[in-house]
Structures are given as C-alpha cells and as structure tokens.
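Asks: From first to last, the protein sequence lines stand for chains A and B. Residues 577 to 909 in the working numbering are what the first sequence lists, from first letter to last. Residues 2 to 328 in the working numbering are what the second sequence lists, from first letter to last. Pasting a structure here, questions to come.
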Amino acid sequence: MSMTRRLFGGTALAAMTLSAGMATAQDDPLRIALVVKALGIGFFEAAAEGAEQAAEELGNVEIIYTGPTDTTAEGQIEVINALIAQQVDAIAVSANDTDALVPALKKAMQRGITVISWDSGVAPEGRELHLNPSSNPLIGNMIIKLAADHLPDGGEVAVLSASATATNQNTWIAEMEKVLGDYPGIEVVATVYGDDLADKSYREAQGLMQAHPDLAAIIAPTSVGIVAAAQAVEDAGKIGEVNVTGLGLPSEMAGAIASGASKSFAIWNPIDLGYSATMLAYQLATDQAEAAPGAEIDMGRMGTLTLDDNTEGAMADPFVYDASNIDQFKDIF
Amino acid sequence: MSVGARHIPDRMHSPAARLLRRWETLLLAVAIGIFIANSLASPYFLNAWNLSDATFNFTEKAMIAFAMALLIIAGEIDLSVAAIVALASTAMGAAAEAGAGVPVLVLVGLGTGLICGAINGVLVTGLGLPSIVVTIGTMSLFRGIAYIVLGDQVYKAYPPEFAVFGQGYVWWVISVELALFAVLAVIYGVLLHRTSFGRAVYAIGNNPTGALFSGIRVARVKFVLFLLTGLMSGVAAVCLTSRLGSTRPSIAFAWELEVVTMVVLGGVNILGGSGSIPGVVLAAVVLGLVTFGLGLLNVPGIVMSIFVGLLLIGVIALPRLWAMGRR
C-alpha cells in the first residue's frame, strides 16, 4: 500500500495518508518519535522518561526515542528521513537548527506525519506547533515569587543578572517588575550585573550584601550567577539571613540547597517537557485537536496548552527545586 | 599499472592489483549482504521511495569523495573540504540575500570552491608544504570566515527554484542528487581509469620522483587535483544548501572525516598509488545502506558509528589476513 500511496503527490496524498493513519491507529500502537538534539544528554534522557510516562498513561502508544550522535542539523535530518520511512505517526523534535530541518519536516507532514517541536523550536512552516517550556511572564513572576515565599513579612531583595545587554534576563526582570505589586512588602533595592562570569558575579553578590545590610534575598535569573551568589553568601556566613534564588541547574545547585544558602530555585522540568510533547503529539496525531492560533490542547496532568498567533505555547511555570526533590534531579541535568 | 592488469592472466598480477580486485568484489558482497540483512530486519526497507530518501545520506559526501580519491591516490589529502562547503554555502547565502538568481548562486558556490581549492593547491605545490598541514590550516581558515560572516545568524533568502538541486527529482524516485552522483561517478571513473591524466595520478602516487623524470608535470597535476576537490566541494555545497534551504556556519560539520572514510573503505591506499572509482562508489553505497538500515531500526547514532568503524577495520583487514594466510 505504501508504494501506491507514494506514487501520488501533493495534498491528495496527505489526505489519503491521514485516513490510512487513523485506520491503523486502532490496531497497531501509535508510534511517536521523540527526536532530540543528541543522544546521551541527561536533560533529554529525562524528557524521554517523561514521554514514556505519557505513553503509559495513554496506552497503546510506542515511544521511539532517537537523535543523532552530534548536535548537527544534517544528523537530525538523517534520523528524520529514517522515521519518515518507518511511517511513524508523529515526530516531536527539539531542533538543532530552526531552518535547516524545515524541508525534511515538511516532507514528513506531506506524508501525513504529525510534526511538533519542543524545547528548541522549528520555524512555523516546518511544524504544526511549538511547545516552549515556559514563557517570559511566567518566569518573571516565578523568580520574585520564589523570593517572596520565604519572606512573609516582606524585605529587601536584589537582582544579580547576567550582562546588562542580555535579552533573556532583561525581559524576565522587566516582567518581574510588572508583577511586583502582587507581592506587598517586597522591595527590589538594586540590580547588578555579573556578566555570567563566576568571579565577577561572586564580587557583585559580595557588594550587594555590604551595601544593603538588611538584604534578605538575592534573585539571580542566570545559572552562573545563582551558583556564584550562593557561594558568596556561604563564604560571608550569611546562610539563613540571605536566601539565594532564581534560575539554576539542579546539578550545580545541589550543594547550595544542602548548605541552606538557597532554599529553592526554578528551571524547567525536562520530564514534564517530554510528557507534554508526547501528549500534544498524541492529540494531534489522533485528530482530537488541531493546531491553530488560539487553540487549547490537552496535556494530561500538565493542563492545557494555549497556542498564540505563531502556534506556539508555554507549558507551565518553571518547576521549583528544593531540598525535597533536588536529589532526584541533580544527576539528570 | 592496475588499468592494464585486467587483461593479464591471474598469476602475473602484482599483489597490489590482486588486492584491489578482491577489494571491490568484497565490497560488492558486503553491499549485497547489508541489503539483504536490511530487507529482513525492517519491513520498511524495500520501498523505492525510502531507498531514494536513503541516497541523500551519501550522495553529497560521495561527490567530494570522487575528487578526494584522486587526490589521495596521488599521495596528497585535503581535510578542508567540509570547511569549503561551509564557506561556499555562506557565499551563496550572501548572494541570495543580495537577490541573486539560481544560475548566479550556482556560479558563486562553484567559484568559491575553485578559489579555496586553488589556495590549497598553491600552498602545497607552489610552496611545497605538506598537504595535511596546509589543509588542517585552511580548514580552520575557511570555516572561520564563515563564522565571522554569519556568527549565530542564518542565510535563508534562497529563491524557491533553488530547491531543485537538493529536493528535486529527475524521474520517479531518481533525485537530482542521485543522477548527479551517477554522472560524476562516470566522469571521474573515465578520468582516472581511461585517460593519461589518470595514469599520471597513479604514477605520482607510486613514485613522484620517477613520475617527474618520466615527463609528468607533477606540480601541475596536483594543482588540478586540488582545484577539482575544491570544485566538488562547491558542487556538494550547492546540493546540501539546496536540500537544507538555509545556511549556518556549522553546515557540513566534520564531513571531511566521513569523506576520507568513504575513500579508504573504497579501497584507496591512504599512502597513495592505488585505488579505484568503482570502489569508492561501492563504499558510498555500503555506508549509505548501513546508516539508513540501522536508522530504520532506530539504532542510536553512537552504535552506528561503532558499526561503521568495525566495518572499515574489517574490510581493510580481511584482504590482508587473506593474503597472509595464503602466503
């Protein structure tokens, strides 16, 4: 059948394969390929674990976890070609290149395969939707909330950012300032820049504590700054007085959580990301949802994904890591 | 010389020619074996369109490998080929941003390849520097320029018609790239095995001093070979850029090793002097079939690399062991 199917071209083919795909979905397992940037990276192994959780919950779903050896677009295209040949039902890809994958993924869609991107996106013409781990407003809110949660009576907080020109950090800080009113008593007394250099971030954190003796928290929305700030607090003997929080990696922050320099911090959860990507691919591949601007698509335990005008959506608040779960994640990423 | 050797009875073959003959037979057997194994292992393998898709795994690299085979037979090597692809692609991208049409883009791609090849050629033949050192240097130089021009940016203003080279089909499942691969295989086969230029290449590889004293213009032949390798990198750049529809400086990263692997697996002596184009064609097909077949089984890439490594060592070691056993 596949031979005759491929003799036809264009959109008629897409319609045919779509109906054929649905017919087989009831008998054979639905095959969802989770294509990652490269194999052997803890973050993606965790995402694959999340995908398996989703498959178990959905039932009759087979996860194909695959990716190239190096993080190259050419390698990913070879993997995608092999998946097209196997007539998988859906491809969920974290792309090595926003643009180079587009022709290969377009071909996949023409042959009736559902294509979504997650984590690292593909240009809109090469996928049906893109799943962002979080969004700028959610991150901006989360970093101030992390500080406020441990300051019920309010207090002085300061921001230790990356460089003054870092787009991501500036956006998050601006979003944080928008929601400051929701956290009464919290006062942002300074914003300093460590340029994502460990030693400079460390000195800036020291300076913050000297200039503001009543400082209660340092918010560092950068994985370099947060580690350096935690070290500075520990070395100054101010554990318990100054809480370091922000965005960091569990593997690098495990020590700070153990020492108490940081009570909690946040970053996306790769398990949830793999789980959500699988749920979305399933919804689209089984025609239970359609990827269009404004659509709301079910993601199981992660709620629903609302698509914007670029058919992109944000999964959730950044995931909070603290003493209760750091051991589970510190070996992952 | 191996060309004439075909018409001479078996006993009189030089050991090298015997090895060569057996090499291609062995490769053909390996190719057929892998084809059968793949058909048995995956229900998706024996499908004209899937096999057609699989050819994209090797066509572009094989185009470079043809010219590289001649270069290695002549006792030189060019490790800058992947970087030339990157630079040629970057030049095409810049031209496309400036509004160039398809013919101009192709000329820019091939022209960049030729210029890069000429730089390598001048450094090696003009200054008498070792090619491995020169091309390790130009490898960084060419890709470095691509990185300086593009940084983390992308060129993707290619006109829609440009897609024909990497995404178009000549007839049914025969892609433009596959057709080009076949035509180039014939051209390089004739060039190496049926012309005096080809005989000069073998002569230089076997004994450059002897070749010089027998009237072969060694430096000029080598310079032409570097030009050809640059040109073929330009051709590969046109195809790959067209297939990806975009250019980033990391394009074709580390392809030089895959191209050299293809040439060596094809039976070309890495020290020069022997080898054949049919061998390189077979090696390209074998490598393409292996990666695609393992891909269909969703074998992780690292296992695939191990398999390719074992294949390379196995195919190279087997004839040696055979010869030792018969001695």
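Using N, Cα and C, we set each Cβ at its ideal position, and we do this for glycine too. Note that the structure is a prediction, hence the values are computed from the model and not measured.
Could you check whether the Cβ of N746/A sits closer than 9 Å to any Cβ belonging to chain B?
Replies: Judged by the 9 Å Cβ criterion, N746/A is not in contact with chain B.
Asks: Which same chain residues, not among the five before or five after T880/A, have their C-beta less than 8 Å away from its C-beta?
Replies: E872, I873 and D874
Asks: Select from A212/B, L290/B and F224/B the residue whose C-alpha is nearest the C-alpha of F57/B.
Replies: The candidate whose alpha carbon is nearest that of F57/B is L290/B.
Asks: Which residues in chain A sit within 7 Å of N51/B, going by Cβ to Cβ distance?
Replies: A661
Asks: Label L47/B either buried or exposed according to how many other C-beta atoms from any shown protein chain fall within 10 Å of its C-beta, with 16 as the threshold for buried.
Replies: exposed
Asks: What's the gap between the Cα of P279/B and the Cα of P161/B?
Replies: The C-alpha of P161/B is placed about 35 Å away from the C-alpha of P279/B.
Asks: Within a Cβ cutoff of 7 Å, which residues of the same chain sit near M685/A, ignoring the five residues on either side of it in sequence?
Replies: V691
Asks: Return the chain-ordered list of same chain residues with a C-beta closer than 6 Å to the C-beta of G731/A, the five sequence neighbours on each side being excluded.
Replies: A792
Asks: So, is the C-beta of S234/B closer than 9 Å to a C-beta in chain A?
Replies: no
Asks: Would you kindly work out how many angstroms separate the C-alpha atoms of F143/B and G688/A, rounded to a whole number?
Replies: When rounded, the separation of the alpha-carbon atoms in F143/B and G688/A is 40 Å.
Asks: Determine the DSSP secondary structure at T767/A, reduced to helix, strand or coil.
Replies: Note: T767/A maps to strand in three-state DSSP.
Asks: Between the stretch 778 to 791 of chain A and the stretch 706 to 719 of chain A, can you find at least three pairs of beta-carbon atoms closer than 8 Å?
Replies: no
Asks: Starting from T210/B and walking both ways along the beta strand (DSSP E), at which residues does that stretch end?
Replies: Premise fails: T210/B lies in the alpha helix (DSSP H), P209 to F214, not in any beta strand (DSSP E).
Asks: A599/A: buried (16+ other C-beta within 10 angstroms of its C-beta) or exposed?
Replies: Any reading at A599/A must be qualified, since the residue scores a pLDDT of 43, below 50, and its modelled position is unreliable; the value itself is stated next. Exposed, since its Cβ has fewer than 16 Cβ neighbours within 10 Å.
Asks: With DSSP collapsed to three states, give me the class of D898/A.
Replies: strand
Asks: Counting only the same chain and skipping the five closest in sequence on each side, list residues whose C-beta sits under 8 Å from that of A601/A.
Replies: In this prediction, A601/A scores a pLDDT of 43, lower than 50, which makes its location untrustworthy; no coordinate-derived value is stated.
Asks: Hey, is D772/A's beta-carbon within less than 9 Å of any beta-carbon in chain B?
Replies: no
Asks: Output, in chain order, the set of chain B residues within a Cβ distance shorter than 7 Å of N886/A.
Replies: Per Cβ cutoff of 7 Å: no residues; N886/A is ~17 Å from chain B at best.
Asks: Count the other CB atoms, across all protein chains shown, that sit within 10 Å of the CB of F166/B; report buried if there are 16 or more and exposed otherwise.
Replies: buried
Asks: Please confirm if the stretch 642 to 657 of chain A is in contact with the stretch 292 to 309 of chain B, defined as three or more CB-CB distances below 8 Å between the two stretches.
Replies: yes
Asks: Output yes or no for whether 9 Å exceeds the beta carbon distance between T91/B and T248/B.
Replies: yes
Asks: With H706/A as the anchor, note down where its beta strand (DSSP E) starts and where it stops.
Replies: Segment L705 to N708, the beta strand (DSSP E) holding H706/A.
Asks: Put L52/B into one of helix, strand or coil per three-state DSSP.
Replies: helix
Asks: Let me see if you follow: with CB-CB separation under 9 Å, is D675/A close to chain B or not?
Replies: yes
Asks: By the 8 Å beta-carbon criterion, what residues does the stretch 117 to 146 of chain B contribute toward chain A?
Replies: Against chain A - using a Cβ distance shorter than 8 Å - the stretch 117 to 146 of chain B contributes no residues.
Asks: I need the DSSP call for W173/B, collapsed to helix, strand or coil.
Replies: It is coil, neither helix nor strand.
Asks: On a Cα-Cα basis, can you pick out the residue from V698/A, V896/A, M785/A and N845/A that is closest to A766/A?
Replies: M785/A
Asks: Measuring only the C-alpha atoms, how far is A623/A from F224/B?
Replies: 51 Å
Asks: Which of the three DSSP states, helix, strand or coil, is assigned to F909/A?
Replies: Here F909/A sits in coil by DSSP.
Asks: Applying the 10 Å Cβ sphere with the 16-neighbour rule, what's the burial state of S306/B?
Replies: exposed
Asks: Within the continuous beta strand (DSSP E) that includes T821/A, where are the two ends?
Replies: N819 to G822
Asks: List, in order along the chain, the chain A residues whose C-beta lies closer than 7 Å to that of K157/B?
Replies: D675
Asks: Between E303/B and L659/A, is the Cβ-Cβ spacing less than 9 Å?
Replies: What sits at residue 303/B in the sequence shown is Ile, not Glu. No, the Cβ-Cβ distance between I303/B and L659/A is not below 9 Å.
Asks: Could you check what DSSP says for V611/A in three-state terms: helix, strand or coil?
Replies: Here V611/A sits in strand by DSSP.
Asks: If you run the structure through DSSP and keep just helix, strand and coil, what is M731/A?
Replies: As written in the sequence, residue 731/A is Gly, which differs from the Met given in the question. In the structure shown, G731/A sits in a strand (DSSP, three-state: E or B).
Asks: Count the other C-beta atoms from every protein chain shown that fall within 10 angstroms of the C-beta of F214/B, then say buried if there are 16 or more, exposed otherwise.
Replies: Classification for F214/B: exposed.
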